[in-house]
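Below: the structure, in structure tokens.
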Amino acid sequence: MAPASSFYLLINVLASVTSAAPFAQAACDRTILAQAADAYIAAQTAGSLDPLKSVLATSWIYTENNKNISTSSSVLSKKLTIDHHRTSYDLVTCATYTEVVAASGPYVIGTQIRHNTDRKVSSIDTIASTTGSWLFNATKTLEYVKAEDAGWKPLPVSAQSSRELIQAAGDAYLDMWSDAHAHEKVPWGTPCVRLEGSAYTGKGEPNDSCQPGIPSNHNQAPNTRRRYVIDEEMGSVSIFCVWEHMMNAADSHEFRLENGKLRYVHTMTECGGRTCKL
Ligand SMILES: *[C@@H]1O[C@H](CO)[C@@H](O)[C@H](O)[C@H]1NC(C)=O
Ligand SMILES: *[C@@H]1O[C@H](CO)[C@@H](O)[C@H](O)[C@H]1NC(C)=O
Ligand SMILES: *[C@@H]1O[C@H](CO)[C@@H](O)[C@H](O)[C@H]1NC(C)=O
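The sequence shown lines up with residues -20 to -1, 1 to 258 when you count with mature numbering (1 follows the signal peptide of the UniProt record, and there is no 0).
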């Protein structure tokens, strides 16, 4: 008996050591992701990196509008009064997506934050749309986002989809520019509303559809360099990309599915400091 019980004791000791110091592949910690997303909001509000200092990895990358730039010349160095923000969580890749509206900025910003295996922030990737961006009007965007906010609640498990299905829906949508059959793969839901910059397709009707106005020319350059944040509980995927047909713009699309069907699309698009024109 004695050897057996000391064997089990050893196993117990090992188990407690491993749970105190998880392996790198351990599931992401939502609390740590949330702390970093909150620190990012505090930093953007202050126009200073200070609130982020304790969560940043020693070497981390800042990307704004698809370019690696210094934070000193970035939107993060501007104090913004933030009127709305909402964060989704990817607990598989340890990343978050935060949508930010600062009407007086004026800015509508999407930010993907990625964590390394030490649970520190390894990259902040931002699409910062402002005057000149596609269909830009932050005041109007804020009105629509606020009116819609109640619809963006965590889904009951029965209404959630797999991350593969959520990503496939977003990819099919972004493929419509360059693939004549991609629209057949989008799981169109009803009602479905699109907020593109400040343009809103929703009329508050039960039959609101996201299909009017989708690309009819499928010979356009593709939407490339896609980066994903997928939140199964929110039913959402944030995809950042290069919208090549739109002056190689920096583009953010966020999709939300309910019961496997597309219900919401939010986009923001910045054209390298120039006025976006198709
Ligand atoms: C930014 O830097 C990272 C790391 O050096 C690199 O992987 C990435 O391709 C760069 N992105 C751009 C747009 O230059
Ligand atoms: C932006 O939208 C607001 C609210 O709808 C409107 O009052 C304002 O005139 C718009 N601004 C511009 C520049 O179009
Ligand atoms: C939605 O229903 C209304 C009538 O309630 C109709 O006028 C409208 O054309 C319908 N829209 C679509 C997209 O079918």
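Backbone N, C-alpha and C define an ideal beta-carbon position, used for all residues, glycine too.
Quick check on residue i: does DSSP put it in helix, strand or coil?
i: residue 154; result: helix
i: residue 21; result: helix
i: residue 99; result: coil
i: residue 138; result: helix
i: residue 107; result: strand
i: residue 186; result: coil
i: residue 229; result: strand
i: residue 242; result: strand
i: residue 47; result: strand
i: residue 57; result: helix
i: residue 122; result: helix
i: residue 163; result: helix
i: residue 131; result: helix
i: residue 52; result: helix
i: residue 14; result: helix
i: residue 145; result: helix
i: residue 26; result: helix
i: residue 36; result: strand
i: residue 171; result: strand
Tell whether a beta-carbon distance below 7 Å holds between residue i and residue j.
i: residue 107; j: residue 90; result: yes
i: residue 115; j: residue 179; result: yes
i: residue 217; j: residue 147; result: yes
i: residue 86; j: residue 127; result: no
i: residue 254; j: residue 244; result: no
i: residue 175; j: residue 124; result: yes
i: residue 16; j: residue 101; result: yes
i: residue 242; j: residue 169; result: yes
i: residue 157; j: residue 246; result: no
i: residue 162; j: residue 152; result: yes
i: residue 240; j: residue 141; result: yes
i: residue 88; j: residue 109; result: yes
i: residue 182; j: residue 173; result: yes
i: residue 205; j: residue 219; result: no
i: residue 51; j: residue 67; result: no
i: residue 221; j: residue 113; result: no
i: residue 215; j: residue 238; result: yes
i: residue 213; j: residue 134; result: yes
i: residue 105; j: residue 25; result: no
By Cβ distance, which residues of its chain are closer than 7 Å to residue i, with the 5 residues on each side in sequence left out?
i: residue 223; result: 203, 229, 231 and 249
i: residue 1; result: With a pLDDT of 42 at residue 1, under the threshold of 50, the modelled position of that residue is not reliable, and the figure given next carries that caveat. Answer for residue 1: no residue qualifies.
i: residue 10; result: 69 and 71
i: residue 111; result: 86
Only counting the same chain, and skipping five residues up and downstream in sequence, which positions put a Cβ closer than 6 Å to that of residue i?
i: residue 13; result: 69 and 76
i: residue 227; result: 251
i: residue 259; result: Residue 259 cannot be examined here, being either before or after the span of the chain that is shown, -20 to 258.
i: residue 32; result: 19 and 23
i: residue 59; result: 27
i: residue 99; result: 12
In or out: residue i buried (at least 16 other Cβ within 10 Å) or exposed?
i: residue 149; result: buried
i: residue 258; result: exposed
i: residue 160; result: exposed
i: residue 166; result: buried
i: residue 3; result: Bear in mind that a pLDDT of 43 at residue 3, under 50, signals an unreliable position, so the number given afterwards is only what the model happens to contain. By the neighbour-count rule (16 or more Cβ atoms within 10 Å), residue 3 is not buried but exposed.
i: residue 35; result: buried
i: residue 92; result: buried
i: residue 45; result: buried
Using a Cβ-Cβ cutoff of less than 8 Å, which residues in the same chain neighbour residue i once the five nearest sequence positions on both sides are dropped?
i: residue 95; result: 8, 12, 13, 16, 74, 75, 101 and 102
i: residue 188; result: 170, 171, 172, 173, 181 and 182
Quick one: does residue i have its CB under 7 Å from some CB of chain B?
i: residue 31; result: Looking for chain B here will not work: only one protein chain is present.
Any heavy atom of ligand 4 closer than 6 Å to the CB of residue i?
i: residue 89; result: With respect to ligand 4, the structure shown offers nothing to examine, as its ligands consist of ligand 1, ligand 2 and ligand 3.
- Where are the beta strand (DSSP E) runs, 3 residues long or more, that stay fully inside the stretch 186 to 222, in chain order? 203 to 211
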